[in-house]
Amino acid sequence: MDGWIGKVLRVNLSTDKVSTEALDPGLAKDYIGARGLGTKIMTDEVDPKVDPLSPENKLIFMPGPLTGTFAPSAGRYTVVTKGALTGAIASANSGGTWGPALKFAGYDAVIIEGAAPKPVYLWIKNAKVEIRDASHLWGKDVPETSDAIRAETDDDAKIACIGPAGENRVLFACIMNDLHRAAGRSGVGAVMGSKNLKAIAVVGTGAVTCADPKAFESAVVKARDKIHKHPVGGTGLRLYGTDVLTNILNQIGGYPTKNYQDGHFPTADKLGGETLAATLLQRPKGCFSCIISCGRVTKVTNPKYAGEGEGPEYETSWGFGGDCCIDDLDAVTKANYLCNEYGMDAISMAVTVACAMELYEMGLITKEDTGGIALEWGNAEAMVEVTRLTGIGEGFGKKLALGSYRLAESCGHPELSMTVKKQEIPAYDARAVQGIGLNFATANCGAAHVRGYTIAPEVLGNPVKVDKDTIEGKPALVILFQNLTAALDATGACLFTTFGIGADELAEMLGAVTGVGYTSEDFMKCGDRIWNLERQWNLNAGLTANDDTLPPRLLKEPIKTGASKGRLSRLPEMLPEYYELRGWDKNGVPTASKLGELGLTA
Amino acid sequence: MMVQYFALLRDVTGKKEEDWRQPEATLGDLLHALVAKYGRAFERWVLKDGDLWNLVIILVNGRDVRHLQRLATPLAPTDTVVIFPPVGGG
Amino acid sequence: MASMLMINADKCTGCHNCELACSMGHEGVFRPSATRVHVYTWEREGFSVPMMCQHCRDAPCITVCTPHALTRDPVTGWVNLDNGKCIGCKMCVQACPFGNAVWDEETVKILKCDNCGGDPACAKVCPTHALEWVDDVTATRARKRAFSEKFKHAFSE
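Residue numbers (our numbering), protein chains in the order written: chain W, 1 to 602; chain P, 603 to 692; chain Y, 693 to 849.
Next up, the structure:
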C-alpha cells in the first residue's frame, strides 16, 4: 500500500502474544486512519461498556496515511481508547516525531490488548518487537524514562511513555512523546498505566511510499505555499505561539476567569504570547514535516520556578493563569513543565485546580484537606505545589487526581466542575462565543476545543468572520468544522494546516499519496462517518442526550465584566437544530437513514 | 481615545498602547492617521488593497468592527480601539 | 565564487522536512534513514542541527577511496560519489570527521550529499531558512551583520 503501510501490530500484554495482520484496504479507504480507523477498531473489538481501566479496554496508537510524508505539518498520530476520565470514546492527538517513526518501522497501528502482570515496555525496531521488563523504570518521570530506555535500546529511539501520573491512574493522565508532546485528553495515560505499559520505544528504518510522487509533490508544494502565505500559519504562530490568543480572547470578553465566574482578566497580558516571546522563549519548534513551528522552547531562570522544556500553549497559560486568577507566567510555565514531566493533561489539571480553589473559597475544602496549602485564588505557589502533588500522587494531589467532576461531586457541588462528559472545558467562554459552546456540548470525547474549532470563524475570522454572539447558522457551522476536523485528524495532518488549506487540498494530497481517489465530498463524508461512529460508541457506552450540555454556570450566570458582559450560552436553542442537521432524532440518536447514508449499521 | 496594540504591532509602533488625542470621525480615519505615523510596516498588517484586511481583529469598545461598519465605524473621543494583526490561532 | 549549503542551526525547528525532501528526491520514497542530510535534535533543550557533506577542499574521504569512487569535480569543486565504482569498503565512513558519509544497509550503498546538482531540495523546503544555498564567500554576511549590530547598540549611548 502507499501512504498506508498495510500492516497492523497487535500486542497482548496478558498473553505476551505479538502478531501482525494486514490492514483492510476497504476500512482504510472509509476511515482513512488515526482517529477514524482507530475508532472503527474500537467499535469492532471492544464492548463500549467495559471499565476503561480493565484489561478488556484496548489502547490503539495510530498515525495516518500522510504521517511520515512531506505533506506540510502532517506528522501526527492518535491514541484511541475508552477514556478513563469520561467513559466515552477517547482520541488524543499528538505531534512530535513518534508517529512517523512507527510508520518507518513498518506499521499503521499498534493495538495494545490486555494488561501485563508487571510493568513492561514495548521495544519496536522494524520487524523486531520485544516486550521488556520495565520495573526499573516504574516511578520515573518522562525525561528520566526516555533517557533510560534509549540507553538500553537505541540512541535514536522515539519514545511514547507515561510518567508517575499514568502509573497512579490520575484520571486525566496523558501519554507523552518526544518529551514535550502530549496525547493529552480523556485520561489515555491512565489506561496505559492500567495495562502496566510504561512506554513504547520505536526505531524505524523503512519507508513510507507514495503512489503518485509527481502529483503528490505538486499538491504538497501548493499546500505549503498557501499555509506559508497565510499570516497565522506562515508567520504568527511561529513568532508568538498559540498563547497569542490570550489577549484576543480577553479583549472580546471570552477569557474564562476564576473557574468561569467571569470572562475577563485585567492582567492577562502578563500571560500572553507577546510576553512569552519577550521573556521565556528560546526558539520555536516544529513537529515532523511541520512548516508552521508553533512549538515554544522555553526556559524559566527565576529560581523559584526554574526549569526548561516546551510550552506553555494558550490552554495551559489560561488554565493555570486567568482561570486560577494567577498572572505569574513563570509559575504557569513551571506548572506546564510539571504536567509534561509527570504526564498529565494540562487543561484538566488546571481547571481541576481552579475548581478546587472555588471549593476552598466556599470552605468545602479546608487547609486540613490540602495539608496546610492555602489554595486561594491567585496563589501561584499553591497552584504549582498541588500540581506537583498530583503528579507524584501525594497528599491533596490524590484528590485532584480524580478530576474536577468527581472532586466537586464529593463536595456536594458537581455543578462547580466546569466540564462536559466529565472532561474539563478549555479556554473559550461559551457565553461569549455561541458556536464553540455547542461544540463543547456535542464533542464526542467530552469538552474539547480542537474537535470543532469554530473560534477560527467566530473570533479570528478564518476563513470568514461570523458573529460570535448570534446562533443563526451556528449548528451548521459547528457540524462542518466537526466533520472536516474528524477527516483531517484521520490523515495525520495537524489542525493548524487549516490556516491556509482545507478539504480540497487535504483530499488532493491524500489521493495522490495513497492512490485512492478522494474528492472533497468523499473526504467530508469520511469525517461525517467517523463522527457518527464515535457517537454510536458513546450511546452504546451509556451516554445520552443529557450529556450534551454545559455546566449551569454557562447557561444561567451571565458574564460579569468585559466586552461580553451579561451574556449567556444559548445552547438549548441550538441543540435541536444540531441534532436535526446531523440526521439524528430528538434524542440525538443517528437515524437508520443517516447510518445507511454513511454505510454504518445500527 | 485609547488605542491598544498587540503582537507584531507592538514592535512596529514601539508601544503597547497610546492615548490618541487627535479626533477621528471613523475607524478608517484613525487607521490612515496611524499609517501616516508608522508607515508601510503598520499598513501591511492592517489594510489590504485599501480596505480592512478580513483577518485583522479590531475591536471598538470590545465589539468587532467587522460586525459594525468596518472602516466606516464611527469613533468617539472616549472609545477604546484594540488592534490585533492576523497572527493568532489555536 | 561557489555555492554552499549554509547551516543556520539557530533557526532549525527540528521538522525533518529536509530529510524527507532528500529521500524522496534521491530514493523516491520517504525514508529518513536513507537521507544525505540528517537532523540531530537535543530533546530536552529543543535544539536541532542539520548535517550534510561539507565538500571539503582537502577531503579525507577522497584520500582513502582506493577505487576513486569519490572524486573532486573540476568545475564545481564538489566531492562527487560514483556509486558504480564504490566497492563498499566504508573507508569514507571511517574517514569523514563529521560523520557525513552514511552507510545504508537497505540499499547497500554509501549516501552522501551531492547538492542535488546545484539546486538542493533541502534548502528549498526548509521553512525557516535553517538551510540556505548561498555564495560561500558572502554566506556569513547576514550573521556578521546581526552580531555587529550588538556592538552598534553597545556603543551608541
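Ideal Cβ positions, reconstructed from N, Cα and C, are used throughout, including at glycine.
Query                                                                                                                          : Result
Integer Cβ distance of residue 322 of chain W from residue 390 of chain W, believed to fall under 8 Å                          : Residue 322 of chain W to residue 390 of chain W, Cβ: 20 Å. No contact.
Contact set for residue 261 of chain W: own chain, Cβ-Cβ below 8 Å, skip 5 residues either direction                           : 358, 553, 557, 560
CB contact check: residue 274 of chain W to chain P, cutoff 8 Å                                                                : yes
Meets three-Cβ-pair contact criterion under 8 Å: the segment 588 to 600 of chain W and the segment 530 to 545 of chain W       : yes
Interface residues of chain P facing residue 412 of chain W [CB-CB closer than 8 Å]                                            : Simply none; closest approach about 36 Å.
Short CB-CB distance (under 8 Å) between residue 398 of chain W and chain Y                                                    : no
Unbroken stretches of the alpha helix (DSSP H), 4 residues or longer, contained in the segment 736 to 761 of chain Y           : 752 to 756
Residue 587 of chain W classed as buried or exposed, judged by whether at least 16 other C-beta atoms fall within 10 angstroms : exposed
Counterpart residues of residue 296 of chain W in DSSP-defined beta bridges                                                    : W/284
Segment contact flag, the segment 708 to 727 of chain Y with the segment 652 to 672 of chain P, C-beta cutoff 8 Å, min 3 pairs : no
Buried versus exposed, by CB contacts within 10 Å (16 or more), residue 472 of chain W                                         : exposed
9 Å Cβ cut-off: residues of chain Y touching residue 205 of chain W                                                            : 723, 724, 725, 726, 796, 797, 798
Delimiting residues of the beta strand (DSSP E) encompassing residue 63 of chain W                                             : 59 to 63
The alpha helix (DSSP H) enclosing residue 816 of chain Y, as first and last residue numbers                                   : 813 to 817
Chain Y contacts from the segment 275 to 302 of chain W (Cβ-Cβ distance under 8 Å)                                             : 282, 283, 284, 285, 286, 287, 288, 289, 290, 291, 292, 293, 295, 297
Residue 496 of chain W Cβ short of 7 Å to the ligand GTP heavy atom set                                                        : In the structure on display, the ligand GTP does not appear, and there are no ligands present to speak of.
Any C-beta of chain Y under 8 Å from that of residue 161 of chain W                                                            : no
Closer than 8 Å to chain P by CB, residue 239 of chain W                                                                       : yes
Among Y/714, Y/748, Y/784, Y/783, the one whose alpha carbon lies nearest that of residue 207 of chain W                       : Y/714
Complete runs of the alpha helix (DSSP H) confined to the segment 421 to 456 of chain W [at least 4 residues]                  : 434 to 442
Chain W residues whose Cβ lies nearer than 8 Å to that of residue 661 of chain P                                               : 251, 252, 563
Integer-rounded CB distance, given that residue 32 of chain W should sit under 8 Å from residue 65 of chain W                  : 7 Å
Beta-bridge pairing of residue 796 of chain Y - partner residues as DSSP gives them                                            : Y/801
Three-state secondary structure (DSSP) of residue 714 of chain Y                                                               : helix
Runs of beta strand (DSSP E) wholly within the segment 57 to 132 of chain W (minimum 3 residues, chain order)                  : 59 to 63, 77 to 82, 89 to 94, 109 to 113, 120 to 125
Residue burial classification, residue 377 of chain W (beta-carbon count within 10 angstroms, cutoff 16)                       : buried
Beta-ladder partner(s) of residue 606 of chain P, from DSSP                                                                    : P/619, P/684
Nearest-angstrom Cα separation, counted from residue 386 of chain W out to residue 81 of chain W                               : 28 Å
Identity of the residues DSSP links to residue 763 of chain Y by a beta bridge                                                 : Y/772
For residue 336 of chain W and residue 447 of chain W, the rounded distance between their alpha carbons                        : 20 Å
Within 7 Å of chain W by C-beta, residues of the segment 826 to 847 of chain Y in sequence order                               : none
Residue 722 of chain Y, buried or exposed, once every other Cβ within 10 Å from all chains shown has been counted against 16   : buried
Residue 510 of chain W classed as buried or exposed, judged by whether at least 16 other C-beta atoms fall within 10 angstroms : buried
Backbone CA spacing between residue 275 of chain W and residue 616 of chain P [nearest angstrom]                               : 14 Å
Residues that residue 890 of chain Y bridges to, as DSSP identifies them                                                       : No information on residue 890 of chain Y is available, as it lies outside the stretch 693 to 849 that chain Y covers here.
Below-8 Å beta-carbon distance, residue 614 of chain W vs any chain P residue                                                  : For residue 614 of chain W there is no data in the structure shown, the boundaries of chain W being 1 and 602.
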